[in-house]
Amino acid sequence: MKENLLKQGNKSALIAAIVNAIIACIKGVAYFFTGNVAMFAETMHSLGDAANQFFVFIGSALSKKRPTERFPNGFGRLVNLVLLGAVIIVGIMSYETIKEGIHHIIHPTESKGIFINITVLVLGVLLESFVLYKAMTEIAHETKINAKGISLLWKSFAGLSRAKPATKLVFMEDLVATLGGLIAIIGILLSYFFGLHAAEGIASILIGIMMFFVVGKVFLDNARGVLGEADEEMEEEIAQYIFTNPEIKDIQTLYVAKEGEDYHVEMKLEIDSTLTVGEANAIKDRLEEKIHEMKGVTDVIIEFDEDDAIPTWQREKSTGKENE
């Protein structure tokens with residue numbers, strides 16, 4: 001049973017965890033021999049990402065566990081809780097990275113082994129870019145975006161908000177990791193060729209700040225997920241389908257709650273009062289089957305009421321726009 005759950009874990013997070021663990025070991029060895037503060041920052045960054053993404057993989061797998069008597073609502077939001085805990089790791093790493101950078105600016109020292117440092121960082125950037133590309137393709141798959149080549153880069157940003165929490169985290173962390181590697185390379189080159197030894201400390205601080213940005217973004221996104229954030233885009237998509245059924249006259253309520261990587265759908269619909277119970281049940285079965293086919297939907301609750309000839313759904317939408 002546990003093996004089956006692990007197979008359902010987020011693949012991007014698992015790949016990223018393995019790659020970052022390898023990168024962290026390589027960077028750690030390079031830092032041990034050279035004492036370069038920018039390399040220290042990158043070691044901490046990759047180590048934090050590896051631990052973070054491993055927990056994300058476990059959380060995304062456990063969130064697929066079926067409901068039990070003790071937890072009848074399932075474990076969909078578990079991935080959000082795991083991600084909230086995971087950002088603490090990145091936050092600690094961010095603090096240590098910035099602190100070490102400040103110390104190096106105040107007490108700049110000349111580091112050695114530029115060839116080792118640059119080689120390791122270039123290798124790290126290439127590996128991080130590979131993981132970032134995998135995360136981009138996963139975003140395109142999850143959000144049904146048709147993109148290839150260079151268009152995948154900007155279209156993945158456009159679909160980021162609709163990606164699964166685990167995929168979103170991997171994308172943001174490896175984007176920052178790739179940029180952080182480039183910043184570290186620049187800092188080392190400035191220090192070696194121009195004698196600006198403080199540049200390595202500045203690079204460390206910039207990397208730490210970017211890590212803090214990921215912490216803040218991930219924390220806010222998953223705090224909303226734990227509370228059960230409504231997905232207005234999917235609500236509108238479902239509403240458009242509902243109104244393709246002529247028997248449905250109006251929508252009194254429609255609520256789509258995102259629970260981890262899953263969606264819980266509830267609605268109360270107004271139908272023609274002349275319909276029989278059998279006809280109403282047939283409509284309900286048809287709606288449930290279609291909505292269940294939408295990616296990520298795990299639970300659909302549908303209630304019917306008589307048509308009161310008042311367009312509730314349209315009025316709610318227009319009122320919302322006016323309030324904006």
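The opening residue of the sequence shown carries number 1 in UniProt numbering; numbering runs sequentially from there. Just so you know, even glycine gets a beta-carbon here, dropped at the ideal spot from N, CA and C.
Query                                                                                                                           : Result
For M234, the nearest candidate out of M267, D272, I202 (CA to CA)                                                              : M267
Reduced DSSP secondary structure (H/G/I, E/B, other) of K164                                                                    : coil
K241 burial status per 10 Å Cβ neighbour count (16 or more: buried)                                                             : For the sequence presented, residue 241 should be read as Tyr rather than Lys. Its Cβ having fewer than 16 others within 10 Å, Y241 is exposed.
Whole-angstrom distance between T298 and P311, CA atom to CA atom                                                               : 29 Å
Spatial neighbours of I98 in its chain, beta-carbon cut-off 6 Å, leaving aside the 5 residues before and after                  : I205, G208
I23 to E200 span [Cα, whole Å]                                                                                                  : 19 Å
Complete runs of the beta strand (DSSP E) confined to the segment 185-224 [at least 3 residues]                                 : none
Backbone CA spacing between L236 and R224 [nearest angstrom]                                                                    : Here residue 236 is Glu; the residue named in the question, Leu, does not match the sequence. Rounded to whole angstroms, E236 to R224 spans 20 Å at the Cα level.
For E288, the first and last residue of its enclosing beta strand (DSSP E)                                                      : It is not in any beta strand (DSSP E) - E288 instead sits in the alpha helix (DSSP H) that spans 277-292.
Opening and closing residue of the beta strand (DSSP E) in which I271 lies                                                      : 262-271
Cβ-based neighbour list, F71, same chain, cut-off 7 Å, excluding 5 preceding and 5 following                                    : none
Rounded straight-line distance, which links the Cα of D231 to that of K258                                                      : 6 Å
Span of the alpha helix (DSSP H), counted from its first residue to its last, around I102                                       : 78-106
Range covered by the alpha helix (DSSP H) that runs through T298                                                                : T298 -> not in any alpha helix (DSSP H); beta strand (DSSP E) instead, spanning 297-306.
I98 CB to nearest heavy atom of the ligand COA below 7 Å                                                                        : The ligand COA is not part of the structure shown, which contains no ligands of any sort.
Stretch-stretch touch, CB-based, cutoff 8 Å, three pairs: the segment 71-90 with the segment 184-198                            : no
Segment limits, alpha helix (DSSP H) that includes F157                                                                         : 151-158
Residue burial classification, V79 (beta-carbon count within 10 angstroms, cutoff 16)                                           : buried
Classification of F32 by the beta-carbon crowding that lies within 10 angstroms, buried from 16 upward                          : exposed
Whole-angstrom distance between E289 and A203, CA atom to CA atom                                                               : 54 Å
Which of helix, strand or coil DSSP assigns to K317                                                                             : Its pLDDT being 48, under 50, K317 is placed unreliably by the model, and nothing is read from it.
Contacts around S318, its chain only, beta-carbon distance under 7 Å, and the 5 residues preceding and following it disregarded : Note that S318 scores a pLDDT of 38, beneath 50, so its modelled location is shaky; the value from the coordinates is reported in the next line. Same-chain partners within the cutoff: there are none.
Simplified DSSP state of A147, which is helix, strand or coil                                                                   : coil
Top-ranked residue by Cα proximity to P246, from Y263, F213, A280                                                               : A280
T68 versus F57: straight-line alpha-carbon distance, rounded                                                                    : 22 Å
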